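One structure is given here, and the rest of the page talks about it.
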Amino acid sequence: MSEEVNVIIGHLDANGFLQNSELHFSKGDFLKALENAKAALQIENKNIKACIIAGRSATRLKRFDESYYFYKEGLKIDPKNKIIAEELIDLQKILLDHFDKMGIEAKEQDYNAVHFCSQDVYPEDKELFLLEKEILETKYKLENRLPSMIVDPIKRKEAAQILMKAHKIILAGETEDAIKQCTIALDADPLNITARQLRARLNQEKGNIEQSLQDLYAIPKENRSVDIWKFGGILLHQLGLPVHAEFWYRKATTLSQMKDIEAAMMFQKVRAERIYGPLTINYPIKVNFTKYGRSIFATKGLKIGEIAFEDKPVVLGKLLQYKDISACDHCAASLLTPAEYFGEKYMEFNPPLRSLIKEKWPKDESVRCSCQRQVYCNAKCQNEAWEQYHQIICPNKNVHAHALYDLHDNAGYGLNKDGIREEIWVPQYSPILLARMWAMIVMEAKRLMRKNGLSQPTFQHWAKAKTSLRKFIVFGKSNVASKLPEVFNMMREIFSDCGDGVKYEITEEEFNARYYQATCNLQSYSSSLSTPIHGLLKNLNGVNGITTMILLKLTKEEPKVATFAGMFPLHASLNHACDNNVEIIDGLVDGRPGVYVRVFRDLNAGDELFTTYIDTTMPRKIRRAWLFKSFNFWCQCRRCQFEGDGPNICTNCGKYAQEDKKFQHCGKCKKAWYCSLQCQKEAWVKGHIAICQLQHSMVNPKTIDTDLQDR
Numbered sequence: 001m002s003e004e005v006n007v008i009i010g011h012l013d014a015n016g017f018l019q020n021s022e023l024h025f026s027k028g029d030f031l032k033a034l035e036n037a038k039a040a041l042q043i044e045n046k047n048i049k050a051c052i053i054a055g056r057s058a059t060r061l062k063r064f065d066e067s068y069y070f071y072k073e074g075l076k077i078d079p080k081n082k083i084i085a086e087e088l089i090d091l092q093k094i095l096l097d098h099f100d101k102m103g104i105e106a107k108e109q110d111y112n113a114v115h116f117c118s119q120d121v122y123p124e125d126k127e128l129f130l131l132e133k134e135i136l137e138t139k140y141k142l143e144n145r146l147p148s149m150i151v152d153p154i155k156r157k158e159a160a161q162i163l164m165k166a167h168k169i170i171l172a173g174e175t176e177d178a179i180k181q182c183t184i185a186l187d188a189d190p191l192n193i194t195a196r197q198l199r200a201r202l203n204q205e206k207g208n209i210e211q212s213l214q215d216l217y218a219i220p221k222e223n224r225s226v227d228i229w230k231f232g233g234i235l236l237h238q239l240g241l242p243v244h245a246e247f248w249y250r251k252a253t254t255l256s257q258m259k260d261i262e263a264a265m266m267f268q269k270v271r272a273e274r275i276y277g278p279l280t281i282n283y284p285i286k287v288n289f290t291k292y293g294r295s296i297f298a299t300k301g302l303k304i305g306e307i308a309f310e311d312k313p314v315v316l317g318k319l320l321q322y323k324d325i326s327a328c329d330h331c332a333a334s335l336l337t338p339a340e341y342f343g344e345k346y347m348e349f350n351p352p353l354r355s356l357i358k359e360k361w362p363k364d365e366s367v368r369c370s371c372q373r374q375v376y377c378n379a380k381c382q383n384e385a386w387e388q389y390h391q392i393i394c395p396n397k398n399v400h401a402h403a404l405y406d407l408h409d410n411a412g413y414g415l416n417k418d419g420i421r422e423e424i425w426v427p428q429y430s431p432i433l434l435a436r437m438w439a440m441i442v443m444e445a446k447r448l449m450r451k452n453g454l455s456q457p458t459f460q461h462w463a464k465a466k467t468s469l470r471k472f473i474v475f476g477k478s479n480v481a482s483k484l485p486e487v488f489n490m491m492r493e494i495f496s497d498c499g500d501g502v503k504y505e506i507t508e509e510e511f512n513a514r515y516y517q518a519t520c521n522l523q524s525y526s527s528s529l530s531t532p533i534h535g536l537l538k539n540l541n542g543v544n545g546i547t548t549m550i551l552l553k554l555t556k557e558e559p560k561v562a563t564f565a566g567m568f569p570l571h572a573s574l575n576h577a578c579d580n581n582v583e584i585i586d587g588l589v590d591g592r593p594g595v596y597v598r599v600f601r602d603l604n605a606g607d608e609l610f611t612t613y614i615d616t617t618m619p620r621k622i623r624r625a626w627l628f629k630s631f632n633f634w635c636q637c638r639r640c641q642f643e644g645d646g647p648n649i650c651t652n653c654g655k656y657a658q659e660d661k662k663f664q665h666c667g668k669c670k671k672a673w674y675c676s677l678q679c680q681k682e683a684w685v686k687g688h689i690a691i692c693q694l695q696h697s698m699v700n701p702k703t704i705d706t707d708l709q710d711r
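Here the sequence shown stands for residues 1 to 711, where the numbers follow UniProt numbering.
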């Protein structure tokens, strides 16, 4: 919203903006129609007409996520509203037509996340590698290779014959004797790679990991095959030496020219374990790597309602629609005031009532940065923000940063290259979040620079500075920098001077990568469990009297809280399923707003935890199209496998119905159609029984970015 609008907002009611919205809509100016509808909702958030016109405008702009959001908000106000119900049906049709035109319903591609994950060496791995090398040499007495020698051909032939005998013994199940025969063969021909590899395998079966690894290390590097490098990775992982295990798996992957998927997968499994192991140590979960990427699994049985784990954000920022609700810009704590909660009637309260509120309302320790663009719940948060990122993007220190906060205050609207005011930042979350990611990197690089007594960060410093963000995968297919040129150039200017002669160059590649890193991993959350109202009620406990009773009646309404988007390292490893078994709820982690991952269906040890990225009440075809649009994958969960798209095709066998006929649906869920009773029975046994009439999770789904394809 522009400053001019903000100035007069107190002098207009929602109807003024609503009338402007309808006028712009009738003229086909859907952007202005949407902007005015949003303004109406800021004044009166339960205005159902504003929800409808906002939904219609967003649909015309092909911003389906926003459209769906406004319609759902309208249904919260009036669950039986026929207009919204009809327009939601139309939205679904438009969405499907849109994707059909784009060819989205083409043959689904097989997906394997390992293709999108790098095997880059981490900056700190050099020191860890040397430490592990010392362990291998001192504890396990490993030799890298055998000394050069010439083996007598007769001895070589003798060794081959002994090796044949060893194979026969293996078939008889005599592992110990087979190891002895391999040893005899190696005494005759120490360079026999087959004998060393076989003895290594047999020793592993017997649990003799050290002896097994000694044989592999004795094989010259140039003679190690893909299988040998891969086998070495397994052994090193078993010995608890992850950096060396990654080294061997990387060698196997490179030698196979990236064709050995197993080696690449095993590399990522080791990496996931060493990155996430410290984060999961206090929770009944572990992070593993599957074809769908990093995944979270239960390590013991969990019951409905249990908290599987808690998580706090690495970086956060407000959702733009909540930009005017008071909250700490660093930790997301609510800064609600009595005047904001009680509204205009607060000034009409009698003196005793206002006095009681003032006395029992939690102490306001909030402070503002000198730039007046950021507010914090206390001095601790202010200092943390300053040391972690804010001094890089504080307008008082970086003149280019004024544009960033103006863009936030104007809800993503600004001047394009032609000087025309339009929405130049489309996502729902604040661009400040993106800027903080770079600011965090710069601050850490400068810390490392000073520690080493240098005037400029080195390549190693920059690499180490990015460590906190490496837990978040990046995937995106379009050039966002070209679609958000004003924001791209704004960020380039902001980080062209980071103080102390340091700059951080934001290339198109860097902009796209961080944008997708945020967009693919954000989760919405708020301080709904800990607001000043909660503090007030706690302080009123034990306080008797008529004034207290009156005040308690006045605090029945839920307080408004700002919703933030945050990047949570463990949460980011949760995969999606339309039959999710966990749900994300607001929580307090280490005394600050965070998220709890709560069990939604009973879990057994070894079960994967699934959240939902979208509203799963939508029909299958809509869900899958939406997921492809927003997250670029086709869902293959149980619901998507055993629900159908309509009565014209059998959900089980894929047979098409004749033009004048339709297949019968499941009598219970009415979401699957079958050509015969036999197909229905088969589907029931295969898995439909598990998802028929499944309860949907009612919590907020993952934050979804507004689509940029049509810009």
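Ideal Cβ positions, reconstructed from N, Cα and C, are used throughout, including at glycine.
All of these numbers come straight from a predicted model, not from anything done at the bench.
Start-to-end residues for the beta strand (DSSP E) that takes in residue i
i	result
T290	I285 to T290
L415	Y413 to L415
Q523	L522 to S526
P593	R592 to V599
K318	V315 to K318
D586	V582 to V589
A622	With the sequence shown as reference, residue 622 is identified as Ile, and Ala is not the correct amino acid for it. Premise fails: I622 lies in the alpha helix (DSSP H), R620 to F631, not in any beta strand (DSSP E).
I325	Taken as a continuous stretch (DSSP letters only), I325 belongs to no beta strand (DSSP E), as it is neither H nor E.
A298	G293 to A298
Run of the alpha helix (DSSP H) containing residue i, from where it starts to where it stops
i	result
I77	F64 to I77
L23	A14 to S26
F642	R638 to F642
D311	Note, D311: premise wrong, no alpha helix (DSSP H); beta strand (DSSP E) at I307 to D311.
G232	V226 to Q238
T138	D125 to T138
E176	T175 to A188
Chain-order list of residues whose beta-carbon lies under 7 Å from that of residue i (same chain, five-residue window excluded)
i	result
A401	I393, C394, P395 and I494
W361	P338, P532 and L536
R156	D189
residue 714	Examination of residue 714 is not possible in this model, given that the chain is present from 1 through 711 alone.
C-beta atoms of residue i and residue j nearer than 8 Å
i	j	result
A672	L96	no
A298	L694	no
I48	A14	no
H576	C520	no
V474	Y504	no
Any non-hydrogen atom of the ligand ZN closer than 7 Å to residue i Cβ
i	result
C182	Ligands in the displayed structure: none, and consequently the ligand ZN is not present.
Which listed residue (the options) has its alpha carbon closest to that of residue i
i	options	result
Q125	P313, K464 and G545	Checking the sequence, you will find Asp at residue 125 rather than Gln. Of P313, K464 and G545, the residue nearest in Cα terms is K464.
K82	E508, E134 and I52	I52
E73	Q680, L41 and K93	L41
C640	N648, S295 and N652	N652
A357	L336, H244 and S366	Per the sequence shown, residue 357 should be read as Ile rather than Ala. The option with the nearest alpha carbon to I357 is L336.
K62	F472, G412, I94 and V287	I94
T563	L319, D260, S67 and D90	L319
residue 718	E558, N383, I285 and K466	Only positions 1 to 711 of the chain appear in this structure, which leaves residue 718 out of reach.
E387	R447, D590 and I622	R447
M164	L136, S148, F568 and R199	R199
A195	N208, K206 and S212	S212
P313	F568, K670 and F663	F568
Cut-off 6 Å between Cβ atoms - residues of its own chain near residue i, not counting five sequence neighbours on either side
i	result
S527	A332, A333, S334, V561 and P593
R436	V315 and Y389
L552	none
A178	A166, I169, I170 and L202
G232	L216 and W248
S26	none
R601	N581
S21	A33, N36, A37 and I53
CB contact check: residue i to chain D, cutoff 8 Å
i	result
L319	Protein chains in the displayed structure number just one, and chain D is not present.
Nonlocal neighbours in the same chain, by C-beta distance under 8 Å from residue i, ignoring five residues either side
i	result
S530	A333, S334, L588 and P593
Discussion item. Does the region 150 to 161 come into contact with the region 485 to 504, if we say contact requires no fewer than three beta-carbon pairs (one atom in each stretch) closer than 8 Å?
Written reply: Contact fails: fewer than three Cβ-Cβ distances are below 8 Å.
Discussion item. With three or more C-beta pairs closer than 8 Å as the rule, is the region 466 to 486 touching the region 580 to 593?
Written reply: no
Worksheet item: Using 8 Å as the Cβ pair cut-off and three pairs as the minimum, do the region 446 to 455 and the region 398 to 412 touch?
Response: no
Item to complete: Would you be able to state if there are at least three C-beta pairs under 8 Å between the region 439 to 449 and the region 411 to 418?
Response: no
Worksheet item: Hey, is the region 221 to 236 in contact with the region 251 to 261, meaning 3+ C-beta pairs nearer than 8 Å?
Response: Three or more Cβ pairs closer than 8 Å define a contact, and the region 221 to 236 meets that threshold against the region 251 to 261.
Item to complete: Say whether the region 413 to 428 touches the region 344 to 355, bearing in mind that this needs 3 or more beta-carbon pairs closer than 8 Å, one atom from each stretch.
Response: The region 413 to 428 makes no contact with the region 344 to 355, as fewer than three CB pairs between them are under 8 Å.
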